[in-house]
Amino acid sequence: MPNQEPAPSIENNFTAHDVVQILREQNWHTSGLTAEQSTWCEHAATLLGPQCVGRGALENLLSLVFHYDAQEILSHTDSHAALSRYAARDALRQLASLLLDLVPLNSDRLREIVEAAVGPAHIHLPLLRAAPVGGDIEITGRRP
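Heads up, the sequence shown is in this note's numbering, so the first residue is 203 and it goes up one at a time.
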């Protein structure tokens, strides 16, 4: 039976006032706040506050919303890791879709899949050389 107790709440040390101070310090918002903007700051503090250990972490998260510099973002290793994860996920989805087709997997089909997934076959000769010469490989997805 699953545990019915609510998960412990994460402490939030930040308020809408903290968000507004950061926005003003960074010149992301310099005039008075409308009611909608105040509500947004409260919502931002509620969502982002529990994720932040210190004020600097809150400022970093807010900078993702208010400050965009592609060259700076791409200079961080974390950005490349995130982009790689998304690209790999898309590639795996495409590959899985091709492998799950009802078409039998033989040497020609493997070549088509490799070319669709990663480009022309001549770039990936080692993988294609593993296929039997003049014969077909049969992969059923079942183990004896």
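Glycine included, each C-beta is placed from N, C-alpha and C at the ideal position.
Paired residues, beta bridge with residue i - DSSP
i           : result
residue 312 : None, per the DSSP bridge assignment.
Expected contact under 8 Å - CB spacing of residue i and residue j to nearest Å
i           : j           : result
residue 257 : residue 220 : 7 Å
residue 224 : residue 260 : 7 Å
residue 315 : residue 302 : Going by Cβ atoms, the distance from residue 315 to residue 302 rounds to 11 Å, so no, they are not a contact pair.
residue 218 : residue 247 : 5 Å
For residue j and residue i, the rounded distance between their alpha carbons
i           : j           : result
residue 212 : residue 255 : 11 Å
residue 228 : residue 264 : 10 Å
residue 271 : residue 226 : 19 Å
residue 323 : residue 304 : The predicted model places residue 323 with a pLDDT of 49, which falls under 50 and marks its position as unreliable; any figure quoted below should be read in that light. Taking the straight line joining both Cα atoms gives about 22 Å.
residue 214 : residue 280 : 25 Å
residue 245 : residue 262 : 17 Å
residue 317 : residue 222 : 52 Å
residue 297 : residue 242 : 41 Å
residue 313 : residue 307 : 10 Å
Three-pair Cβ contact test at 8 Å for the region 213-233 versus the region 276-293 | no
Output the residue ranges of the alpha helix (DSSP H) runs that lie fully inside the region 207-286 and measure 4 residues or longer, sorted by chain position.
-> 218-227, 237-250, 257-268 and 272-276
Quick one: any contact between the region 246-265 and the region 285-294, if contact means 3 or more CB pairs under 8 Å?
-> no
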